[in-house]
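A.B. asks: If you read the protein sequences in the order shown, they are chains A and B.
According to our numbering, the first sequence is numbered sequentially starting from 1.
According to our numbering, the second sequence is numbered sequentially starting from 1001.
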Amino acid sequence: MLSDRRPILLTNARILDPSRDLDFAGDLLIADGLIRDSKRGIGAAGVPEGTEIVDCRDKIVAPGLIDLRAFVGEPGAEYRETLASASQAAAAGGVTTIVCQPDTNPPIDEPPMVDFVLRRARDTAIVHVHPMAALTKGLRGEEMTEIGLLKAAGAVAFTDGAKSVTNAQVIRRALTYARDFDALIVHHTEDPNLVGEGVMNEGEFAARLGLSGVPKAAEIVMLERDVRLAALAGGRYHAASITCAESLEVLRRAKETNPNITASVSINHITLNEVDVGSYRTFCKLAPPLRDEADRAAMVEALTSGLVDAVMSDHDPQDVETKRLPFAEASPGAIGIETMLVAGLRLVHNGEITLMSLLKAMSTRPAELLGLPGGTLRAGSVADVIVVDLDVPWVLDRAQLKSKCKNTPFDEARLQGRVVRTIVAGRTAYEYV
Amino acid sequence: MNIAQKPTFVLRQRHLLGIEGLSRDEITGLLDRAEEFVELNRQIEKKQSTLRGRTQINLFFEASTRTQSSFEIAGKRLGADVMNMSVGSSSMRKGETLLDTAITLNAMHPDILVVRHHASGAVDLLARKVDCSVINAGDGAHEHPTQALLDALTIRRNKGTIEGLTVTICGDIAHSRVARSNIILLNTLGARVRVVAPSTLLPSGIERFGVDVFRDMREGLHNSDIVMMLRLQRERMNGSFVPSSQEYFHYFGLDERKLGYAKPDALVMHPGPMNRGVEIDSSVADGAQSLIREQVEMGVAVRMAALDALSRNLRNA
Chain A
1 MLSDRRPILL
11 TNARILDPSR
21 DLDFAGDLLI
31 ADGLIRDSKR
41 GIGAAGVPEG
51 TEIVDCRDKI
61 VAPGLIDLRA
71 FVGEPGAEYR
81 ETLASASQAA
91 AAGGVTTIVC
101 QPDTNPPIDE
111 PPMVDFVLRR
121 ARDTAIVHVH
131 PMAALTKGLR
141 GEEMTEIGLL
151 KAAGAVAFTD
161 GAKSVTNAQV
171 IRRALTYARD
181 FDALIVHHTE
191 DPNLVGEGVM
201 NEGEFAARLG
211 LSGVPKAAEI
221 VMLERDVRLA
231 ALAGGRYHAA
241 SITCAESLEV
251 LRRAKETNPN
261 ITASVSINHI
271 TLNEVDVGSY
281 RTFCKLAPPL
291 RDEADRAAMV
301 EALTSGLVDA
311 VMSDHDPQDV
321 ETKRLPFAEA
331 SPGAIGIETM
341 LVAGLRLVHN
351 GEITLMSLLK
361 AMSTRPAELL
371 GLPGGTLRAG
381 SVADVIVVDL
391 DVPWVLDRAQ
401 LKSKCKNTPF
411 DEARLQGRVV
421 RTIVAGRTAY
431 EYV
Chain B
1001 MNIAQKPTFV
1011 LRQRHLLGIE
1021 GLSRDEITGL
1031 LDRAEEFVEL
1041 NRQIEKKQST
1051 LRGRTQINLF
1061 FEASTRTQSS
1071 FEIAGKRLGA
1081 DVMNMSVGSS
1091 SMRKGETLLD
1101 TAITLNAMHP
1111 DILVVRHHAS
1121 GAVDLLARKV
1131 DCSVINAGDG
1141 AHEHPTQALL
1151 DALTIRRNKG
1161 TIEGLTVTIC
1171 GDIAHSRVAR
1181 SNIILLNTLG
1191 ARVRVVAPST
1201 LLPSGIERFG
1211 VDVFRDMREG
1221 LHNSDIVMML
1231 RLQRERMNGS
1241 FVPSSQEYFH
1251 YFGLDERKLG
1261 YAKPDALVMH
1271 PGPMNRGVEI
1281 DSSVADGAQS
1291 LIREQVEMGV
1301 AVRMAALDAL
1311 SRNLRNA
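#1: Run through chain A and tell me which residues come within less than 8 Å of arginine 1171 of chain B, C-beta to C-beta.
#2: Got a sec: is the Cβ-Cβ distance from glycine 1205 of chain B to anything in chain A below 7 Å?
#3: Would alanine 399 of chain A be called buried (16 or more neighbouring beta carbons within 10 Å of its own) or exposed?
#4: Touching or not, the region 1149-1156 of chain B and the region 1116-1132 of chain B, by the rule of three or more beta carbon pairs under 8 Å?
#5: Answer with yes or no whether the minimum CB distance from alanine 1107 of chain B to chain A is below 7 Å.
#6: Can you tell me whether isoleucine 53 of chain A is helix, strand or coil according to DSSP?
#7: Could you confirm whether any beta carbon from chain B is found closer than 7 Å to the beta carbon of leucine 211 of chain A?
#8: DSSP puts glutamate 431 of chain A in a beta bridge; with which residues?
#9: How many Å lie between proline 192 of chain A and alanine 162 of chain A at the Cα?
#10: Would you verify that the beta carbon of arginine 1208 of chain B is, or is not, closer than 7 Å to some beta carbon of chain A?
#11: Taking the beta carbon of tyrosine 432 of chain A as the centre, do at least 16 other beta carbons fall within 10 Å, making it buried, or is it exposed?
#12: For alanine 1119 of chain B, is the classification buried or exposed, using 16 other Cβ atoms within 10 angstroms of its Cβ as the cut-off for buried?
#13: Beta-carbon within less than 8 Å of proline 393 of chain A's beta-carbon, same chain only, minus the 5 sequence neighbours each way: which residues are those?
#14: With DSSP as the reference, please indicate the residues paired to glycine 213 of chain A in a beta bridge.
#15: Say whether chain B places a C-beta atom closer than 7 Å to the C-beta of proline 326 of chain A.
#16: Within the 7 Å Cβ cut-off, does glycine 76 of chain A reach chain B?
#17: Under 8 Å by Cβ, that's how I've got valine 186 of chain A and phenylalanine 205 of chain A pegged, so tell me the actual separation to the nearest angstrom.
#18: In angstroms, rounded to a whole number, what distance separates the CA positions of arginine 1218 of chain B and glycine 336 of chain A?
#19: Within 7 Å of any Cβ in chain A, is that where the Cβ of serine 1091 of chain B sits?
#20: Mind pulling the beta strand (DSSP E) runs of 3 or more residues that sit fully within the region 68-138 of chain A?
#21: For isoleucine 220 of chain A, tell me which candidate among A:Leu211, A:Arg253 and A:Leu209 has the shortest Cα-Cα distance.
#22: Between B:Gly1079, B:Ile1162, B:Lys1047 and B:Gln1048, which lies nearest to isoleucine 1027 of chain B when the distance is taken from Cα to Cα?
#23: Alpha carbon to alpha carbon, how far is serine 1292 of chain B from leucine 345 of chain A?
#24: To the nearest angstrom, report how far apart proline 106 of chain A and proline 112 of chain A are at their CA atoms.
#25: Consider the Cβ of tyrosine 280 of chain A: report whether some Cβ of chain B lies at a distance smaller than 7 Å.
#26: Can you find a CB in chain A that lies within less than 7 Å of the CB of glycine 1220 of chain B?
#27: With the cut-off set at 7 Å, would you say alanine 330 of chain A and lysine 285 of chain A are in Cβ contact?
#28: Enumerated in chain order, which unbroken segments of the alpha helix (DSSP H) with a length of 4 residues or greater are wholly contained in the region 1101-1145 of chain B?
#29: Just curious, the alpha helix (DSSP H) that glycine 1220 of chain B is in, first and last residue?
#30: Taking the alpha-carbon of serine 279 of chain A as reference, which of B:Phe1009, B:Ser1070, B:Met1237 and B:Leu1017 has the nearest alpha-carbon?
#31: How about glutamate 443 of chain A: is its C-beta nearer than 7 Å to some C-beta of chain B?
#32: Express the C-alpha separation of glycine 93 of chain A and alanine 1197 of chain B in angstroms, rounding to a whole number.
#33: If you drop the 5 nearest sequence neighbours on each side, which residues of the same chain put their C-beta closer than 6 Å to that of alanine 1034 of chain B?
#34: Classify alanine 69 of chain A: buried if its beta carbon has 16 or more other beta carbons within 10 angstroms, exposed otherwise.
#35: Using the beta-carbon of each residue, which ones in chain B are nearer than 9 Å to alanine 44 of chain A?
#36: Within the region 1025-1096 of chain B, note down every full beta strand (DSSP E) run reaching 3 residues or more, in order along the chain.
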């Protein structure tokens, strides 16, 4: 469904560019895969011949989203998600760049694997795809991977995916070594021993359901360890998915003295809380688990203040066999790449966060963190652009989602706003009709 | 005594999955009905025909002797055809087979499924996939409603009422479905509920369950009317939650001395099976204040009451 690359003029739009804090009414011209110009009144007269003119009245135009953390099952779990299916879902959700995770089978821990993913993406995906590579060989948490060669092959960061490295020495060495290559280390902060048998947020609600809890300390302890090691080593460190209000205190202190520390929160942890687990809904079983309402609210606030840098989907397709189980036995994870923007718009409509802050955390900041093009509407930038109708009401039907798996916590959710067009490098990759 | 002529007690819901969600009247109604079955069970002719033609399947994913046999006897005394399916958790590939089993059994048109499973919420999950009534015979650390009902019946018969009594539950609260169901039921009927345990065996947030929390048996048992002991699993007393069974018994095992802290007429209960010398001393378990054997008797009556009440909602009932 890739259309040809003729110029596109988006007219009469409300244009938001979080990279420059601009919010104005105007037109945006795209040609040769690049943003040519954006200002009031370019008008149909001043565009090249053959330009597709799109009336964006009552809609917004913004940079395409960059999803910092999405699990794609290629290679090894193509039944869950392929680069092709993930990219279709991404385009429908306004995501123009997927950063896929290395916990595939085999894991992306050697340069040929990076190459494989990039070539498969080039051939099958309709959005940009950049892989993160494994931080340790085989994701075993013991020996660091070839950080230099992997980065040269195209890995944008280093992480063990949803696994935490328990050995502090390994993390310290990796941070120290990665600094020489200016490589970003992304780490899942959940101490597996403290998680233990835990399957949801520890507290009254878990106790009432008879489920083992995951204490907040599992995250806070690991994050505290990491930021201290990052200070010692001097490398760039990114906490992959933080969820607790107390983690924000750790982060605040660390950021005061160390500009190399950043963090993300998943869309789930800013829009849902532990109560959404209800009566054992396994689609709300996540790792780290959904926390309480105070934590959720604190995360949203931290996005506004910039303390938390980015929002990612934490997209994790799980099929029926791993989800239609008793809660404790079900796999954690939720799909989210297609719904992250619309779920986030709930917060905007509720007045919890500004549209600009949300878009910044989903586009500009991720681009800056990974040094990727995009996340901006500056003239001359890559034309990764989305058109969003902020107001259209609809009810989510998971059967309509483009992911191969349908494990969304937002099934039957009432939503307001949806992506109507996604442009990737100047071509329309998705259009809602 | 002619039970059939009494007004029939009916539960509003199709399943009995937990005490949570039952009203005071529903609990009392079940207990009243169970009283009648206690009388019946003491007669020579124990057989009723309420469930004649009905099929009851006891599906136990976790080993059980007393609960399973209690449900079996209860069903048979009401005239049902009872089938036992014990599925050792080792031979099952966990949950997926749980739903497969549910769907398979459902195709055989049972009327009542009695289910025990090692995972919290598993019975709830299964109940959504079948057309018959489901009774939760224990799911993980979540609920065990018939145990709480039989405990309440035992207390009521010995103390006359439950309202106003101080009931102290001692032991592994964190992993106990019996504790959860009892806390909810006893609170609903107006008892004052206490829990006593080492902190490692108390779930996070327990203070918000409407209980007074103690870490010391002397304080916790003071002025108690009922002392309810819980079983401590062997794998939890080797250093993971408590250092040893010796230390646990020293501080939390119920012996004559500790029972002395409770009211002189306090009564002792245990859902079984007991670890003698770990959570309870034989002298107490077999002593004059023990209700443990009576609990087993009440178990059959309560399960008959539950089967009877649910059967009134069945198709063509």
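From the three backbone atoms N, C-alpha and C, an ideal C-beta is built for every residue, glycine too.
C.D. replies: Well, looking at it:
#1: Correcting the residue type first, residue 1171 of chain B is glycine in the shown sequence and not arginine. The contacting residues do not exist; glycine 1171 of chain B stays about 16 Å from chain A at best.
#2: yes
#3: exposed
#4: Taking one beta carbon from each stretch, the region 1149-1156 of chain B and the region 1116-1132 of chain B have fewer than 3 pairs nearer than 8 Å; the two do not touch.
#5: no
#6: strand
#7: yes
#8: A:Arg421
#9: 11 Å
#10: yes
#11: It is exposed - the Cβ of tyrosine 432 of chain A has fewer than 16 other Cβ atoms within 10 Å.
#12: buried
#13: Excluding its 5 nearest sequence neighbours in each direction, proline 393 of chain A has C-beta neighbours in its own chain below 8 Å: Arg414, Leu415 and Gln416, listed in chain order.
#14: A:Met200
#15: Cβ-Cβ to chain B under 7 Å: yes for proline 326 of chain A.
#16: no
#17: Not a contact, Cβ separation roughly 30 Å.
#18: 53 Å
#19: Low per-residue confidence applies at serine 1091 of chain B: pLDDT is 49, beneath 50, and the placement is therefore not dependable enough to give any value.
#20: 95-100 and 128-131
#21: A:Arg253
#22: Answer by Cα proximity: B:Ile1162.
#23: According to the sequence as given, residue 1292 of chain B is isoleucine; it is not serine. Their Cα atoms are separated by approximately 58 Å.
#24: 11 Å
#25: yes
#26: no
#27: yes
#28: 1122-1127
#29: 1217-1221
#30: B:Leu1017
#31: Because chain A spans 1 through 433 in this model, residue 443 of chain A falls outside it and cannot be assessed.
#32: 51 Å
#33: Leu1153, Ala1301, Val1302 and Ala1305.
#34: The sequence given here places arginine at residue 69 of chain A; alanine does not occur at that position. Classification of arginine 69 of chain A: buried, given that the 10 Å Cβ count is 16 or more.
#35: Under the 9 Å cutoff, chain B gives no residues; its nearest Cβ is about 57 Å from alanine 44 of chain A.
#36: 1055-1060 and 1081-1086
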